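Residue numbers for the sequence shown follow our numbering, beginning at 91 and rising by one.
C-beta atoms are modelled at their ideal positions from N, C-alpha and C, and glycine is treated no differently.
Since we're looking at a predicted model, the values are computed, not measured.
Notes follow the structure.
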Amino acid sequence: MPGARARASGDAADEQTPRFTIGEVLNVLRDDFPDVTISKIRYLESEDLVHPERTPSGYRKFSGADVARLRYVLAAQRDQYLPLRVIKEHLAALDRGLPLPGSDAPAVAAAEAARAAADAGDADGSMSPEEFAQAAGMDLDQLADCLQFGLLATDPEGRYPAADLPVARAAAGLARHGLEPRHLRVYRTGAEREAGLVEQLVTPVLRARSEDARARATEKLRELAGLSAQLHGALLEARLRDLLRS
């Protein structure tokens, strides 16, 4: 991953000097990660992913390298849906001067393309049908079919969230193999059922008033989503292997 070591650890001597308060770190990160909170930063520290220094009064002071490390963690969660356990392994490898475990250049390129497409939309991350279809690699008729069969949804202005581009790209790829949006309702139904199971586990925690509890619930939700996707893929691969043997 080009530049990963610099983003995760910082590469200038000045980057190691603690000078940012946690509030200043939040302001720096919010442009790229609007959902980040002080509780989230504290949680990542408690998980040993970042190590700010403490003043004699007990206040956290973050260096530029700490901020770069936080940015790396947040990007890995957002763009690759990695659980913290895996991100911690990646950071440990980077700290030892090793390449990222299982580094996947195509996946990184896809994530960067998705971010670029999102930037093409409005500040809220929404895109016109024409912009969205072009970024997804489909025509407007296919996009309309995805909307009709519940794979995608628009906002009240008829615009598409840029965050839904992975769904549209997958649908476009399957269409090239003869699976049209009308065939994909089974995926939507399965995803809704999986989401229902995950919801049962995290809803009680999400109702908590504590920001720290909600931050932990959010991390649990991310990890459960990743494990659900892993299980789904493994079961599908096992079934397809059975088909090849028959």
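Let me confirm a value: residue i is counted as buried when at least 16 other C-beta atoms fall within 10 Å, else exposed. Which label applies?
i	result
R306	buried
Q167	buried
E202	The predicted model places E202 with a pLDDT of 45, which falls under 50 and marks its position as unreliable; any figure quoted below should be read in that light. Exposed, by the Cβ-count rule.
S153	buried
R304	buried
L274	buried
A319	exposed
V126	buried
L184	buried
A253	exposed
Short check: CB of residue i to CB of residue j, under 8 Å?
i	j	result
A233	V257	For the record, residue 233 in the displayed sequence is Leu; it is not Ala. No, the Cβ-Cβ distance between L233 and V257 is not below 8 Å.
L255	A223	no
R109	K178	no
G316	Y171	yes
L269	L291	no
T107	Y149	no
L311	V288	yes
Note down, in chain order, each residue of its chain lying with its Cβ closer than 7 Å to the Cβ of residue i, except the 5 sequence neighbours on either side.
i	result
D194	Residue placement at D194 is poorly supported in this model, since its pLDDT is 44, which falls under 50; the coordinates still yield a value, given next. Excluding positions up to five away in sequence, the list is empty.
Y250	S216, M217, P219, F222, L242 and T244
E309	Y133 and L174
Output needed for residue i: all residues of its chain with C-beta closer than 6 Å, excluding positions within five of it in sequence on either side, in chain order.
i	result
D156	V140 and P142
A199	Reliability fails at A199, whose pLDDT of 41 lies under 50, so the model's placement of it is uncertain and the value that follows must be treated cautiously. The answer is none, since no qualifying residue turns up.
F123	L164
What does a CB cutoff of less than 8 Å around residue i pick up in its chain, not counting 5 residues either side in sequence?
i	result
L181	A98, L139, R159, Y162 and V163
D302	S129, R132 and Y133
P271	Q232, D235, C236, Q238, F239, L241, A261 and A265
V115	I131, F152, D156, V157 and L160
Helix, strand or coil: how does DSSP classify residue i here?
i	result
E143	strand
R150	strand
S216	strand
Completely contained alpha helix (DSSP H) runs for the region 222-252, where each covers 4 or more residues: 230-238
Contiguous alpha helix (DSSP H) assignments of at least 4 residues, all confined to the region 249-299: 255-265 and 275-296
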